[in-house]
Structures are given as structure tokens and as C-alpha cells.
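Protein chains in written order, with my numbering: chain V, 1198 to 1531; chain U, 1377 to 1685; chain A, -14 to 328. Input: a single structure, listed below in C-alpha cells.
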Amino acid sequence: MRTFSTKKLQFTVIFLLIMIVATGAIALATGSASLPISRILPALAGDGTYKEQFILFDLRLPRLIITFLAGMALAMSGAVLQGVTRNDLADPGIIGINSGAGAAVAVFFLFFPLEAGSFIYTLPLVACVGGLLTAGLIFLFAYKRGQGFQPVKIVLSGVGFAAALSGVMVVLLSGADSRKVDFISKWIAGSIWGTDWPFIWALLPWIIILFPFIWLKAHRIDLLGLGEPTAVGIGVSVTRERAALLIAAVALASAAVSVTGGIAFIGLIAPHIAKSIVGPRAHSYLPVSILFGGWMLLVADTIGRNVALPDGIPAGTVAALIGAPYFVYLLMRK
Amino acid sequence: MMKKFAVLLMAMLVLLLAACSDGQDSNKKESTDKKDKSSDKITYQSENGPVEVPADPKRVVVLAAFAGNLMALDVPVVGADSWSMANPRFKDSLKDAKEVSEENLEQIAELNPDLIIGYSTTKNLDKLKKIAPTITYTYGKVDYLQQHVEIGKLVNKEKEAEDWVADYKKRAADSEKKIKDKIGEDASVSVIESFDKQLYLYGDHWGRGTEVLYQGLHLKMPEKVAKSVAKDGYYALSTEVLPEYAGDYLIVSKDKASDNSFQNTDTYKNIPAVKNNHVLEVDQKEFYFNDPLTVDYALKTFTDYFTKQ
Amino acid sequence: MNKRETLNKIESKRRFPFAFKLIAAMCICVAAFLFSIVFGAANTGVHDVWDALFSDDPSKAALIIKELRLPRETAALLVGAALAVSGAIMQGMTKNPLADPGLFGLTAGSNAALAIVAALIPTANYFHIMIACFVGAGIGALLVFGISSLKRGGFTSFRIVLAGAAVSAFLFAVAEGVGLYYKVSKNVSAWTAGGLIGTTWTQINVIMPFILIGIVVAIGMSRQLTILSMDEGIATGLGQRTGLIKVILFIIIVLLSGTAVALAGNLAFVGLMIPHMVRPFAGSDYRQIIPLCIFIGGAFMLVADTLGRTIHAPFETPIASLIAIIGLPFFLFIVRKGGRAFL
Chain V
1198 MRTFSTKKLQ FTVIFLLIMI VATGAIALAT GSASLPISRI LPALAGDGTY KEQFILFDLR
1258 LPRLIITFLA GMALAMSGAV LQGVTRNDLA DPGIIGINSG AGAAVAVFFL FFPLEAGSFI
1318 YTLPLVACVG GLLTAGLIFL FAYKRGQGFQ PVKIVLSGVG FAAALSGVMV VLLSGADSRK
1378 VDFISKWIAG SIWGTDWPFI WALLPWIIIL FPFIWLKAHR IDLLGLGEPT AVGIGVSVTR
1438 ERAALLIAAV ALASAAVSVT GGIAFIGLIA PHIAKSIVGP RAHSYLPVSI LFGGWMLLVA
1498 DTIGRNVALP DGIPAGTVAA LIGAPYFVYL LMRK
Chain U
1377 MMKKFAVLLM AMLVLLLAAC SDGQDSNKKE STDKKDKSSD KITYQSENGP VEVPADPKRV
1437 VVLAAFAGNL MALDVPVVGA DSWSMANPRF KDSLKDAKEV SEENLEQIAE LNPDLIIGYS
1497 TTKNLDKLKK IAPTITYTYG KVDYLQQHVE IGKLVNKEKE AEDWVADYKK RAADSEKKIK
1557 DKIGEDASVS VIESFDKQLY LYGDHWGRGT EVLYQGLHLK MPEKVAKSVA KDGYYALSTE
1617 VLPEYAGDYL IVSKDKASDN SFQNTDTYKN IPAVKNNHVL EVDQKEFYFN DPLTVDYALK
1677 TFTDYFTKQ
Chain A
-14 MNKRETLNKI ESKRRFPFAF KLIAAMCICV AAFLFSIVFG AANTGVHDVW DALFSDDPSK
46 AALIIKELRL PRETAALLVG AALAVSGAIM QGMTKNPLAD PGLFGLTAGS NAALAIVAAL
106 IPTANYFHIM IACFVGAGIG ALLVFGISSL KRGGFTSFRI VLAGAAVSAF LFAVAEGVGL
166 YYKVSKNVSA WTAGGLIGTT WTQINVIMPF ILIGIVVAIG MSRQLTILSM DEGIATGLGQ
226 RTGLIKVILF IIIVLLSGTA VALAGNLAFV GLMIPHMVRP FAGSDYRQII PLCIFIGGAF
286 MLVADTLGRT IHAPFETPIA SLIAIIGLPF FLFIVRKGGR AFL
């Protein structure tokens, strides 16, 4: 039985932080407009030209932050889902939670114009409702009296929901004006659309509240992973804990995708890599997961933004291109 | 395990650097391209109140279909929307311009514009305003001639714009007489276009030559058409009912790349206008707009066509 | 037990003679066909249909039917039949009730192939596009089947559905990326999301032979398929060359799914639903299932297409989305009932 030292954890975290800063610098320096790396620090300090300030503070920095936040949220969500459903292949995108959130967003925009102004802050909430409803339905279908939740059925139902809800999104807005239709197809592809400061403030509360909440329950995640009989034996009120954690995970994923579009695989891969490095204890792999997830989405978005100008390739597409093969690799190893 | 992890991270970093060096190279060319920005300003009464704009704009980014208007007034356009860039007739004038979109603000910023023009529905207006003075127009609020005059006011060339309008009105009246002598007072004409596998019917102010036909030459629109387009200015049509909307003459705005199979059906071929060879096909890419360059071209095309009937 | 006794055992479970069921299915199909032809944007009546089909000098309304609706609905019929049969074969071959060409990567593969062709060979004609769809579907299927059979345990529902989701996500992303990079996205989505709008007789003439061949061969192999779906051991024991049979069936699946995408774009769930709708009446004998699938599949697509044409008239509601919405309850129902079949 291998023991994973805290030294490894520290080392990994520091390494990741360095990578994140490096990638962040690259992300801030790349784009259609020129902003050499050497000018980043001066511009951040307020000592740049008008154009440099504009590019930095209005365009790239908010995008960087929201991408990173969303990546963290997705990774955390995936980690919790995997722990609670005892299924290593759970990911909010594959399971259909993203699509449920997206359908709710589609309904939202059915009634509101695309430039929603201050309604932006209610967007993650709306998405949450969609995500939770979907999650509820999925679990309803996976529950069998006397057998409890079957992890396999959860995933299978989820895949079906993902396909159907995407269809719902398209049907809902296909009668609306073409810009909304455009918006929906961009959303499904996972192009990060909410790249402005208000979106950051809209997403941040969810992270600030839910991350510590989950962290405090990290120990329970480990226990739930031991299987229901064991967990019950230890005294964990299984259903309640499970439900609370699930709701948190769904809420995080929904809030994240409400501003970034449907992005899958981050929630799948980040926890896996984290676990393989620092081991199966939640207190260890959660921090690594979220750092890795944030970094990964940042990489995906930066690559996607700069290839195929002028509009670039959506981050969700890049994530799928990188993530799907890895997912397949995981499948084969199981 | 650590090695694998490090390798994976390194690989991603390399990918990143590769992508970003792509971006950086093309940036170098842009930043050496700094022209002198005029420092004189005038105040323009826009839809949203008075805005200070350069008196002699030299680098204009157009996020709407107004590139032609600016070119007609000899104003340099450095960034244009995809429709204008795709117009074969604008190719020469726009050869130094870049295709821009309302979504990619960095590209627009990099072009160092001194004036940005868009629609009232263009995205990211608040950010665009930070790059350069930004003026928007609500499409269809004023007619195509007045629109040109407004743009003329914007770029400080009001007189040139009004001159063109006066001259155009004369030529149009001239043509109207010639045409109506040939085809009669009551001949009606419909304008259709196939786009994205859907047929559309157009009213009198939605490009495709409709302004010239209905407003300039005062040709008749079939009543059924007029009723259907009253609400939105255009109307999506099913191929099945096309014959009911065709006038004596039919203008088909065509794009070779899209699906024009409806023209092979007997239903289409039996339409009286088609049977009598009263169909004029025009290139959708050229006729999409209603700026002076396009309007003049449309006027000439239609005059030539109808007077030969 | 010899071949005859095995099959008799299966047949005896069903009381109704097969002929009745087949005729019933055909009637449903014909009714659906008439329904979809009569309804549309233009005003037409049943006599116009007669006119269109048989008269030499048709009226205007009849012309509309002949040139616009008839090809479209014929295409719907063909696509529905092709997808239903394809799904039935997949379900039999993999012994997996969740099998469907859309969920298992074939549709995504065709999509990616379409994008690549649109990007690199802009002058490709309809025939080329169809070939591309075949190739794409084949690659998608190979990937999914390959992945799920690489580990011992073979085609468990779980693994194959997930492999399908992953491969689909990947191939769709490839299609999207290629489309954006080469700026052909609009053309690609016109194909894939377009459904059956604007189907012409030319397209049908190219595609129909393939679909018909596929269906005929499927019917011919239905006996072998039935035995295969029961137990491979029995099959080999009975002297069947299972390897060869599987290859042939695989080719048919790719043929049928590829042509369906070439004609109607991306559709999922049809291949899943129809066999399940048919099974309560046909049991597990594929000699009955497949023919019934042809007609019920066709009828289903006809109704769906008519709905797509009329709900948001004059705009077209994408048929793929409609079907996805209808298909979900089915999918869930099957998952719920699954029991041990899934582990």
C-alpha cells in the first residue's frame, strides 16, 4: 500500500501554481492585438498606453479570470461527482448536467434579450435550477427500490439526457431570431461568452460559498467512497451527505457553464490526474484537481482563441479534442 | 507517475507556445502600421446623442453593411464585416482592409481605428466605445438615401453625400420613365433569395436591389408580397407556395454555393414569370447591400435589363 | 438442438401470423406517407395526390406534391427505414439494447468526414459526399467497437455507451474545428442540421440503391442475426461463420447509417427506438423485426418530418432536435428496465 506524503502534495501544488502563472502570462500576452510579455507588468501597474490598458483590463484579464474560475468549478464538480457516485467516469458534461443548465439558460433567453444587463447575476441561478432538475431526473431513473442508486445507470441515463437536452435547446430557440440561435450553437460548442467583469462577480459567490462547503465535507467524500454499508456503519447519514454534496457539485457545474457554455471533460480529467499523483484522499486531491482544472481550461481557451482567427475555436471544442482521447484511454484501462 | 504528469504539462505548454507564436508574428506587422490620427474633431448628432468624432477619419472600422457608403465618399476603411469583404465588387477597394467581427475586439483594437460604425444591435458596444468613437444606426430607421446622408454628416462629407442623392434621384426618374415605357405602368416584380435552404421574399428596404426597384423606380409589388413583408420587411417562404408570390417579373438573388435546386422543379418552371423568361438572376454577394456603389450598380443592371424586354 | 428446432422455439412464442403484422405495418406506413404528403404549406387535397402520382398533365397543386413533397417524404421513408434496420442490427450484434448509430459514433464520424471533405474538396458532388459519410461512419464505428472490445468483458452496455459518447464528442469536435479553421462551418451545418429540407430526386437516385441493397441484405441475413443475438456459442456450434457474418453486418450498418446522414444530417435515437417499438410485436426473431422496422421506421420519420415542417411554419424546426426530445423517454425507459443487462 503506497503512502502519499504531504511533501508530494506541496510539491505538486507549487508546481501547478508556477505553471498557472506562466500560462497566465502567456494568455495575457497572446491575441490578435499585440501586447508583449515585457509590457504586462507595467500595464497591470497602471503604467501602460491606453490601448494596452484596454486590452489587458477589458479583454484579456477578465477572460483569464473567468476561464480559470470556471475550470476550477468544473474540476471540483467532477471530483465530487466521481466520489459520491463511486463512478470514475462521471463528469458534469457527459452526465448531462451541463445540458440541463444550458436548457435553462435557453429558456431564460427566450424571455430576455441577449444583452441582459443586470439580469446577468441571475443567470447562474437559472442554470442551477436546470442542472438540479436534470440531476434529479437522472437519479430518479437510476434508483431502484431495494437496490439503491446504481452508478452505471446514472451515467447511462445521463448520456441520454445530454443528447436530448441539446435537442431541447435547439428547438426552443429555433423560432427565435437568428442571433439567439447563433448564441445557442455557440453555447453548445463551449465558446466562453461571458468575458466581462460582471460575469466574474456573478460566478465568484458560488465558488466562495461552495468550495469551503465541500472542503469541510471532504472527509465524508472519502467515507462515501467506501461503499454504502461501510459508510452507514461508521455513522455517516449517507443520503443526506450524498444529497448535499451532489447539490453542491451540480450547482458549481451549472454556474460555471452558464457563463462559459457547455464544456465537458475538465471535470473528468482533472480529478483523475490529481488522484494519480497525490492519492485517493479528498483532502489531497481536491486542491490539486481544482488547480489543474483551472489551468487546463485556461490552456484550452488560449489555444482555441489564437487558432483559426477571427473567431477562434471554442474552448469546449479544444477540451473535447484533448479530453476525449484521454477519456477513451481511461475507459480502456478500466 | 510524476514524470508522466510533467510530460503532459510540458506538452500542453509547448502547444500553447506554438499557438501564441502564431499570434505574435502577425502582430508585429500591425504595430508598425501607425498612421497619423487627425486631431480635429467635430460633433455628430447620433441616435444616442452628440458624439465627438474625427473631422477627417482615416481609419474606419465598419461592423455593419455600410462599407460601401464610406467607400463612395472616399473614406478609408481598415476593417469591414464579412458580408462586405465577400462582395466581389468591393474587393479592390477593400484589399488593404481586414475582416473583423463584433466578437473579436482585439483585432479591432489592433487596427487602431479612429472611428467605428455599427448597428444598434452590435455586440460589445461599451467596449468598442473605449477603442474609438463609436456610432450606431438602427437599420431601417431612415431610408437608404437618408442613411447615406447621415453617414456623410458623420464623416464630414455631407455635401458629397447630398450631391450623390440628388444625382441618383435624377437618374432613377429617368430610368423609371424608360422602363415603364417598355414594360408598362402596371408590371409587378418580386424579389426572392435562397439562403440556408430557406427561400426568402423581400419588401422595399432590405437590400437585394429592393430599394432601387420599389423606392427608386417605383415598380409595383404584388399585393400578396406586400402583405407578407409588412411586418418584418422580409418573409420566409416555402417553395410550395412560391408561385403565389411571383409578380410579372422575378428577381432571384442567387449565391452559387447555396442550394438552388428549387429552380429545377416544374413548380418553379411553371410560374408565369419564369415561363415568359422574365427572370433576372443577380449575385447575392453583390446585391446584398444598399450603399451608393451597390445602388448605382443595381440601377444600371435593372435599367439595362428592363429596357431590353 | 438443430437449426430448425431453435428457430421454432422462438417462433412458437408468437401467436399472430407474421403476415398479419407485416401488412399492418405496411398500412401504417402508407397512411403516414399519405398524411405527410397531404399536409404542408400549400393547400392540397387527396385528389391532388392521385393527380400527382398518376396523371400526365398535373395541376399546379399536384406539381407541388410531385416535385417538392414526394422526394422529401420518400427520403424520410428511406432514412427512417435505414436507421431503424441499422439500429436493429446493432442491437442484435452487440446484444445491447442501447445500440443506436447516433449514440455509437457513426453519425459523428460521418459529420467529421463531411467537414473534412467540405474543407479540402469544395467541388465534391453528391456521390463523393455520400462516400465520405460511409468512410466517416465506418471510422466512428470501428473506434467505438474497437475501444469497447479491447478490454476483456467485451461490449458491456456501460463501456460501449461511454465509448460512444467519447468518440462522438471527439469527432464532433473535429468536425467543428475543421469547419471553423477552413471557414466551411456554414456549409457543414447546412448539411448536418438541415434535415430533409430541399431533398431532390437526384439525391434520392444516388442514395436509394445503397439503402435498398443494405435492407435486402439485412433481411437475407436476419436468420443468422437472430442466432447471433441469442448466443454466439450456439451460432458457431450450428456451423455459422460468425466472423464473416459480423463483418457483413458491420458493413451494412455503416452503409445504412452513412446514407442516412448523407440524406438527412445528424439524427440520433431513431435506430434505438424503432426496434424497441417493434419488439413487443415481433419477439426476438430478427426475421420479423427487420421487416417491421422498415415500415415503422419509415412511418416514424414521415410523421416527424411533417411535424418539423408545420410546428413553426414557415420556419423549419430541425428534425434532429425533435427526435432527440421524443427519443429521450424511450432511452430512459430502456435504461430503467435494463436490470442485469447493463452490468
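Cβ coordinates follow ideal geometry from the N, Cα and C atoms, glycine included. This structure is a prediction, so every number in the text was calculated from the model and none was measured.
For residue i, does the three-state DSSP call read helix, strand or coil?
i               : result
Q188 (chain A)  : helix
I1511 (chain U) : strand
K1556 (chain U) : helix
E1569 (chain U) : strand
G1430 (chain V) : helix
D1426 (chain U) : The amino acid occupying residue 1426 (chain U) in the given sequence is Pro; Asp does not appear at that position. In the structure shown, P1426 (chain U) sits in a strand (DSSP, three-state: E or B).
E1479 (chain U) : coil
G1455 (chain U) : strand
G1609 (chain U) : coil
E1657 (chain U) : strand
V1504 (chain V) : coil
Quick one: residues in its chain with C-beta nearer than 7 Å to the C-beta of residue i, no 5 flanking neighbours on either side, listed in chain order?
i               : result
A1415 (chain V) : A1479, H1480 and L1483
P1348 (chain V) : T1282, R1283 and N1284
I237 (chain A)  : I74, G199, V202 and A203
V1605 (chain U) : L1577, Y1578, G1579 and Y1611
G1585 (chain U) : V1567, I1627, V1658, F1663, A1674 and F1678
Going by Cα to Cα distance, which pick from the options is closest to residue i?
i               : options                               : result
F318 (chain A)  : A:L91, A:L83 and A:M78                : A:L83
A1517 (chain V) : V:D1244, V:G1387, V:K1350 and V:A1287 : V:G1387
D1502 (chain U) : U:E1478, U:K1600 and U:Y1515          : U:E1478
R1435 (chain U) : U:Y1513, U:Y1515, U:V1453 and U:A1448 : U:V1453
L1278 (chain V) : V:V1365, V:L1353 and V:L1465          : V:L1465
L292 (chain A)  : A:I311, A:S134, A:S133 and A:P276     : A:I311
L252 (chain A)  : A:T184, A:G222, A:W176 and A:C278     : A:W176
A1440 (chain U) : U:G1494, U:I1418 and U:P1668          : U:G1494
R337 (chain A)  : U:D1680, U:L1613, U:K1596 and U:K1632 : The requested residue 337 (chain A) does not occur in the structure, where chain A is confined to residues -14 to 328.
L1470 (chain U) : U:S1629, U:V1451, U:I1484 and U:G1560 : U:V1451
V1531 (chain U) : U:A1431, U:E1552 and U:E1482          : U:A1431
I1470 (chain V) : V:M1273, V:D1244, V:I1237 and V:I1252 : V:M1273
K1632 (chain U) : U:E1569, U:K1607, U:P1619 and U:K1546 : U:E1569
S1629 (chain U) : U:N1652, U:P1433, U:Q1574 and U:D1562 : U:Q1574
F130 (chain A)  : A:M11, A:K231 and A:F157              : A:K231
P1289 (chain V) : V:G1243, V:R1530, V:A1445 and V:D1508 : V:A1445
I1405 (chain V) : V:A1267, V:A1222 and V:A1230          : V:A1267
Are the beta-carbon atoms belonging to residue i and residue j less than 8 Å from one another?
i               : j               : result
T1392 (chain V) : R1260 (chain V) : yes
A1443 (chain U) : A1462 (chain U) : no
F1358 (chain V) : L128 (chain A)  : no
A1497 (chain V) : A1521 (chain V) : no
F1306 (chain V) : F1380 (chain V) : yes
T79 (chain A)   : I145 (chain A)  : yes
F1265 (chain V) : L1449 (chain V) : no
CA-CA distance, residue i and residue j?
i               : j               : result
S1414 (chain U) : G162 (chain A)  : Confidence is the limiting factor: at S1414 (chain U) the pLDDT is only 49, short of 50, which leaves the residue's position unreliable, though a coordinate-based value still follows. So the alpha carbons of these two residues sit roughly 42 Å apart.
S1455 (chain V) : M1493 (chain V) : 19 Å
A309 (chain A)  : A289 (chain A)  : 11 Å
T211 (chain A)  : G65 (chain A)   : 22 Å
Y1590 (chain U) : V1378 (chain V) : 31 Å
A154 (chain A)  : S214 (chain A)  : 29 Å
D1398 (chain U) : L307 (chain A)  : No answer about D1398 (chain U) holds up, because its pLDDT of 46 lies below 50 and its placement is not dependable.
V191 (chain A)  : Y1523 (chain V) : 39 Å
T185 (chain A)  : L1256 (chain V) : 47 Å
I275 (chain A)  : L229 (chain A)  : 20 Å
G1623 (chain U) : A1649 (chain U) : 7 Å
Establish whether the CB of residue i and some CB of chain C are separated by less than 8 Å.
i               : result
E1616 (chain U) : Absent from the structure: chain C. Protein chains present are V, U and A.
Keeping to the same chain, check which residues put their C-beta closer than 6 Å to that of residue i; ignore five residues upstream and five downstream.
i               : result
G257 (chain A)  : Before going on, a small fix: residue 257 (chain A) reads as Leu here, not Gly. So the list reads G72 and D85, once near-sequence residues are dropped.
N1445 (chain U) : H1524, I1527 and D1667
Which residues in the same chain have their Cβ closer than 8 Å to the Cβ of residue i, if we skip the five residues on either side of it in sequence?
i               : result
L1190 (chain V) : Residue 1190 (chain V) cannot be examined here, being either before or after the span of chain V that is shown, 1198 to 1531.
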